[in-house]
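Trainee: This structure is in structure tokens; I'll ask about it shortly.
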Amino acid sequence: MTALAGLKVVDMTHIMAGPTCTLMLADMGADVIKVEKLAGGDDTRRSIPPAIGDQSAAFLMMNRSKRGIALDLRTEGGKQVLRRLLKDADVLVENYRRQTLPKLGFDYESLRAENPGLIYCAISGFGRTGPYKDRGGFDLVTQAMSGIMSITGTRKGEPPVKCGAPLTDITAGLLATIGILAALRSREQTGKGQMVDTSLLEAGAIQTYWQSAITLATGEAPGPMGSAHPLNAPYQAFEASDGWIVVGGANETNWRRLVELLGVPELAADPRFETNAQRMAHLGELEAALNEQFRKRSAEDWLAALEAAGVPAGPVYDIAEMHRDPQILARDMVVEVEHSTLGPVKTLGLPIKFSDTPGGPRWGAPLLGQDTRAVLLEHGYAEAEIDALAQAGAIGEAGGATQE
Numbered sequence: 000m001t002a003l004a005g006l007k008v009v010d011m012t013h014i015m016a017g018p019t020c021t022l023m024l025a026d027m028g029a030d031v032i033k034v035e036k037l038a039g040g041d042d043t044r045r046s047i048p049p050a051i052g053d054q055s056a057a058f059l060m061m062n063r064s065k066r067g068i069a070l071d072l073r074t075e076g077g078k079q080v081l082r083r084l085l086k087d088a089d090v091l092v093e094n095y096r097r098q099t100l101p102k103l104g105f106d107y108e109s110l111r112a113e114n115p116g117l118i119y120c121a122i123s124g125f126g127r128t129g130p131y132k133d134r135g136g137f138d139l140v141t142q143a144m145s146g147i148m149s150i151t152g153t154r155k156g157e158p159p160v161k162c163g164a165p166l167t168d169i170t171a172g173l174l175a176t177i178g179i180l181a182a183l184r185s186r187e188q189t190g191k192g193q194m195v196d197t198s199l200l201e202a203g204a205i206q207t208y209w210q211s212a213i214t215l216a217t218g219e220a221p222g223p224m225g226s227a228h229p230l231n232a233p234y235q236a237f238e239a240s241d242g243w244i245v246v247g248g249a250n251e252t253n254w255r256r257l258v259e260l261l262g263v264p265e266l267a268a269d270p271r272f273e274t275n276a277q278r279m280a281h282l283g284e285l286e287a288a289l290n291e292q293f294r295k296r297s298a299e300d301w302l303a304a305l306e307a308a309g310v311p312a313g314p315v316y317d318i319a320e321m322h323r324d325p326q327i328l329a330r331d332m333v334v335e336v337e338h339s340t341l342g343p344v345k346t347l348g349l350p351i352k353f354s355d356t357p358g359g360p361r362w363g364a365p366l367l368g369q370d371t372r373a374v375l376l377e378h379g380y381a382e383a384e385i386d387a388l389a390q391a392g393a394i395g396e397a398g399g400a401t402q403e
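Take 0 as the starting number for the sequence shown in numbering that gives the first Met the number 0 and just add one per residue.
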């Protein structure tokens, strides 16, 4: 038994933020029915290269463990199918602009009237209220507007730098998952569903907790610091003789262990470095003094010595090196799923472990319209009705749905 077994989720999401949310729900056991548009489906299907076989690697990553159907919501038949799916759904997740689904007749109030227990989760660039509610939003835009790009990079005065990962997209998806689970808990007590509304902008804003604390306390906005921490030192990357490592020597115990290990215990008594506040005030000098020592030995030597001394440290991996790390593999964070046409496909695992209700990727991402017929049969359609809907262009099936 999985944690969310029996939960029916209608997934009307695309690209990254919404699919992150439904990916989490699917890997925890929910029956996620991904509704894709005709023609073409989720835009991520065209995020090529890279591809595995004839399928987008990006789409495969974000949509495993889900079933897929294809509908043309411009047709009455397509709308009829969606209404039937939503009539007894537990959750609807969508990440369209605010007026897209209401224009098609699927506004929250109408859906709630038919299904009072429905939890309607909307993920957008800026949220469903406020002066920007009708704006479209992308990760790049909200990384900029949330301040993340102002604190990413090496120093002030350089061109703005985006965090390499789509930080606001993924965080918004995780926030949506948290909101849905909280709404499900509330529904257990009240019997009522509700709207869950989160955005990429808010997802970016909460990534600035430390920097916002500084700004709200001082009135001054901090800038980028490379790998260093805005509040504690030393806590950053250092250069060994053959590469880079990161070291977390910020609290007093680890600071003293670090300078003993480096063979410079006198730094602990240096007036510039005696306290964390002094170390932060002289961060450039501290970095130079420590790098002078770190450059004397290899990264492997330092990491072994730091672990033996109890000082938190680690290598700076690229993504391929991360995938090979024994801890990543031991935690099932790189696994294989079976795809209907490609066979075994590697993907990332579920980052939450359960003692009694284990979850994780269950199967590969669907082809466009792969499960349309099976899902419609489950919802009371006869074979002849499905054939008629397909003939009218209201639904698509794998092999017949347009994948371009």
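For every residue, glycine included, the Cβ atom is placed at its ideal position computed from N, Cα and C.
With a threshold of 16 other CB atoms inside 10 Å of the CB of Gly28, please say whether the residue is buried or exposed.
Mentor: buried
Trainee: Report the three-state DSSP secondary structure of Met11 (helix, strand or coil).
Mentor: Met11: strand per DSSP, three-state reduction.
Trainee: Just to confirm my understanding: we take Gly222, look at its own chain, exclude 5 residues before and 5 after, and list those with CB closer than 6 angstroms. What are they?
Mentor: Lys155
Trainee: Pick from Arg184, Ile169, Thr346: whose alpha carbon is nearest that of Ala319?
Mentor: Thr346
Trainee: Of the choices Gly262, Glu238, Ala267, whose alpha-carbon is the least far from that of Ala249?
Mentor: Ala267
Trainee: Who pairs with Trp243 in a beta bridge, going by DSSP?
Mentor: Glu238
Trainee: What residues match up with Gly5 in a beta bridge as DSSP calls it?
Mentor: BP columns for Gly5 are empty, so no partner.
Trainee: Tell me where the beta strand (DSSP E) around Ala69 begins and ends.
Mentor: 66 to 70
Trainee: What is the rounded straight-line gap between the Cα of Gly17 and the Cα of Ile122?
Mentor: 7 angstroms
Trainee: Just the C-alpha distance for Ala216 and Gln210, rounded to the nearest angstrom, thanks.
Mentor: A straight-line Cα-Cα distance of about 10 angstroms links Ala216 and Gln210.
Trainee: I'd like to confirm the pairing. Which residues does DSSP put opposite Met194 in its beta bridges?
Mentor: Tyr119
Trainee: Would you decide whether Ser339 is buried or exposed? Buried here means 16 or more other CB atoms lie within 10 Å of its CB.
Mentor: exposed
Trainee: For the beta strand (DSSP E) containing Lys36, list its first residue and its last residue.
Mentor: 30 to 36
Trainee: Are Ala227 and Leu282 closer than 8 angstroms when you measure CB to CB?
Mentor: yes
Trainee: Within this structure, are the beta carbons of Val31 and Leu37 separated by less than 8 angstroms?
Mentor: no
Trainee: Which of the three DSSP states, helix, strand or coil, is assigned to Ser109?
Mentor: In the structure shown, Ser109 sits in a helix (DSSP, three-state: H, G or I).
Trainee: Which one of Gly163, Pro158, Val195 has the shortest CA to CA distance from Ala171?
Mentor: Val195
Trainee: With three or more beta-carbon pairs closer than 8 angstroms as the criterion, would you say the stretch 87 to 102 touches the stretch 159 to 167?
Mentor: no
Trainee: What's the call for Lys65, buried or exposed, on a 16-neighbour Cβ count within 10 Å?
Mentor: buried
Trainee: Nearest-angstrom Cα distance between Trp254 and Arg294?
Mentor: 18 angstroms
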